[in-house]
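Residue numbers (the working numbering), protein chains in the order written: chain A, 1 to 197; chain B, 1001 to 1123. Glycine included, each C-beta is placed from N, C-alpha and C at the ideal position. To keep things clear, I will list the structure first and then write my remarks on it.
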């Protein structure tokens, strides 16, 4: 292993940790949203460093771009600028978080080390994809051939999830929702439910 | 030292994950809770991508002269997860906009107070 690679890896991870801590401590909502965009971009850089170029592409476009846009739109619609109260650090959640983290770290101790080609995760189906997929599908990019061919049903399921989420957003925020508010009179003073019935 | 370098990615992943977890369970602002959830998600993504990396391997795009590639399967899983994550974020944020319209606040503890004491909403 190359010491420069290790150094870049550790540096990027420490930057991400610093940004995450800054998000926890910040009370300005605009700063929180911008820091989460920075966090996503740092993750994208880290993915390039870890040779996951397709994932980096998606994270930069969707995670840092679309997601930040959605958060900014929500800030604009709700007119929230600052968290309301500056509460003191609560003990119970802190204890739960530290205990969970300690158990997870204990769980990593017998994991295969980072970058180990003999790790079980890199053994099962991955060698077959790497050796045969360029021949079987005719695509040099193995991520594309696994995504669209070998695991095409996963991608179909993903599309169903996106469609459902999009339909849900339209139902929640779309036009005409004011007519359906149970027990609440609409602006004309009539009861909306009676009008529908 | 070798253990520390070999497991350092996983430890930082756990720190990030716990930062997101803490925001979700301890802080009251709902937009911030969604940011916490997305930090948690990114931590899981970094965990998968770290596991897929192989020292000396290149990006999984077949080319002449390369024999060692990273594992493409976690990359595919995480590509799907990123897009699904944004879809769920969009749905959560839409719900937050509705909650703001209905209750006049997006602070979780204040909404809980309103529900318990039957206060009139401010909107």
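Length-filtered (4 minimum) alpha helix (DSSP H) runs lying within the stretch 20–105 of chain A = For the stretch 20–105 of chain A, whole alpha helix (DSSP H) runs of length 4 or above, ordered along the chain, are 29–49, 53–58, 67–78.
Secondary structure of residue 191 (chain A), DSSP reduced to three states = For residue 191 (chain A), the predicted model reports a pLDDT of 48, less than 50, meaning its position is unreliable; a value from the coordinates is still stated below. Reduced to three states, the DSSP call for residue 191 (chain A) is strand.
Residue 1096 (chain B) vs residue 164 (chain A) beta-carbon contact at 8 Å | Not a contact, by the Cβ cut-off of 8 Å.
Give me whichever residues DSSP pairs with residue 1069 (chain B) in a beta bridge.
-> The partner list for residue 1069 (chain B) (beta bridge, DSSP) reads B:1058.
What are the partner residues of residue 1107 (chain B), as DSSP defines its beta bridges?
-> Beta bridge pairing from DSSP links residue 1107 (chain B) with B:1029.
Interface partners of residue 136 (chain A) on chain B, CB under 8 Å | Within 8 Å Cβ-Cβ: nothing; residue 136 (chain A) doesn't reach chain B, min ~12 Å.
Where residue 1066 (chain B) meets chain A, residues with beta-carbon distance less than 9 Å = Neighbours of residue 1066 (chain B) on chain A: none; closest Cβ ~10 Å, over 9 Å.
For the stretch 95–111 of chain A against the stretch 67–81 of chain A, are there 3 or more C-beta pairs whose distance is under 8 Å?
-> Proximity of the stretch 95–111 of chain A to the stretch 67–81 of chain A falls short of the contact definition, fewer than three beta-carbon pairs being nearer than 8 Å.
In the DSSP assignment, what are the bridge partners of residue 138 (chain A)?
-> Per DSSP, residue 138 (chain A) has no beta-bridge partner at all.
Beta-carbon proximity of residue 1062 (chain B) to residue 29 (chain A), cut-off 8 Å | In this structure, residue 29 (chain A) does not lie closer than 8 Å to residue 1062 (chain B) by Cβ.
Using the Cα positions of residue 49 (chain A) and residue 1056 (chain B), report the straight-line distance between them to the nearest angstrom.
-> If you take the alpha carbons of residue 49 (chain A) and residue 1056 (chain B), they lie about 12 Å apart.
What does residue 198 (chain A) touch in chain B if you count any residue whose Cβ is under 9 Å from its own?
-> Past the edges of chain A, shown from 1 to 197, lies residue 198 (chain A), and the structure says nothing about it.
Enumerate in chain order the residues of its own chain whose CB-to-CB distance from residue 15 (chain A) is below 6 Å, with the five nearest sequence positions on each side excluded.
-> Hits under 6 Å: 42.
Beta carbon of residue 53 (chain A) nearer than 8 Å to that of residue 1073 (chain B) = Residue 1073 (chain B) is positioned such that its CB atom lies no closer than 8 Å to that of residue 53 (chain A).
Contact check, residue 25 (chain A) vs residue 1076 (chain B), beta carbons under 8 Å | No, the pair does not count as a contact, with Cβ atoms beyond the cut-off.
With distances taken between CB atoms, is the gap from residue 1083 (chain B) to residue 1070 (chain B) smaller than 8 Å?
-> Their beta carbons are not under 8 Å apart, which means residue 1083 (chain B) does not touch residue 1070 (chain B) by this criterion.
Go ahead and label residue 978 (chain B) buried or exposed: buried means 16 or more other beta carbons lie within 10 angstroms of its beta carbon, across all protein chains shown.
-> Missing from the structure shown is residue 978 (chain B); chain B here goes from 1001 to 1123 and no further.
Give the interface partners of residue 154 (chain A) over in chain B, defined as CB-CB distance under 9 Å, in chain order.
-> For residue 154 (chain A), the chain B residues whose C-beta falls within less than 9 Å of its own C-beta are 1076, 1077, 1080, listed in chain order.
Rounded to a whole number of angstroms, what is the C-alpha to C-alpha distance between residue 1085 (chain B) and residue 1041 (chain B)?
-> Cα-Cα distance, rounded: 7 Å.
What whole-angstrom Cβ distance do residue 1006 (chain B) and residue 114 (chain A) have, given they're in contact under 8 Å?
-> Approximately 5 Å separates the beta-carbon atoms of residue 1006 (chain B) and residue 114 (chain A); this is inside 8 Å, confirming the contact.
7 Å Cβ shell around residue 1019 (chain B) - same chain, five flanking residues per side excluded = Closer than 7 Å at the Cβ level, and outside the excluded window around residue 1019 (chain B), lie 1039.
Using a beta-carbon distance cut-off of less than 9 Å, what residues from the stretch 26–39 of chain A approach chain B?
-> Within the stretch 26–39 of chain A, the residues whose Cβ lies closer than 9 Å to some Cβ of chain B are 26, 27, 29, 32, 33, 35, 36, 39, listed in chain order.
Any heavy atom of the ligand ADP closer than 7 Å to the Cβ of residue 1110 (chain B)?
-> No copy of the ligand ADP appears in this structure; indeed no ligand is present at all.
Pull out every residue of the stretch 90–107 of chain A whose Cβ sits closer than 8 Å to any Cβ of chain B, in chain order.
-> The stretch 90–107 of chain A vs chain B, Cβ under 8 Å: 90, 93, 94, 96, 97, 98, 100, 101, 104, 105.
Could you list which residues in chain A have their beta carbon closer than 8 Å to that of residue 1001 (chain B), in chain order?
-> For residue 1001 (chain B), there are no neighbours in chain A by C-beta distance under 8 Å, as the nearest C-beta there is about 11 Å away.
Please determine, among A:35, A:121, A:102, the residue with the shortest C-alpha to C-alpha distance to residue 1047 (chain B).
-> Of all alpha-carbon atoms in A:35, A:121, A:102, the one lying nearest the alpha-carbon of residue 1047 (chain B) is that of A:121.
With 8 Å set as the bound, which would you pick, yes or no: does the beta-carbon of residue 17 (chain A) sit closer than that to a beta-carbon of chain B?
-> The beta carbon of residue 17 (chain A) falls within 8 Å of a beta carbon belonging to chain B, placing the residue at that interface.
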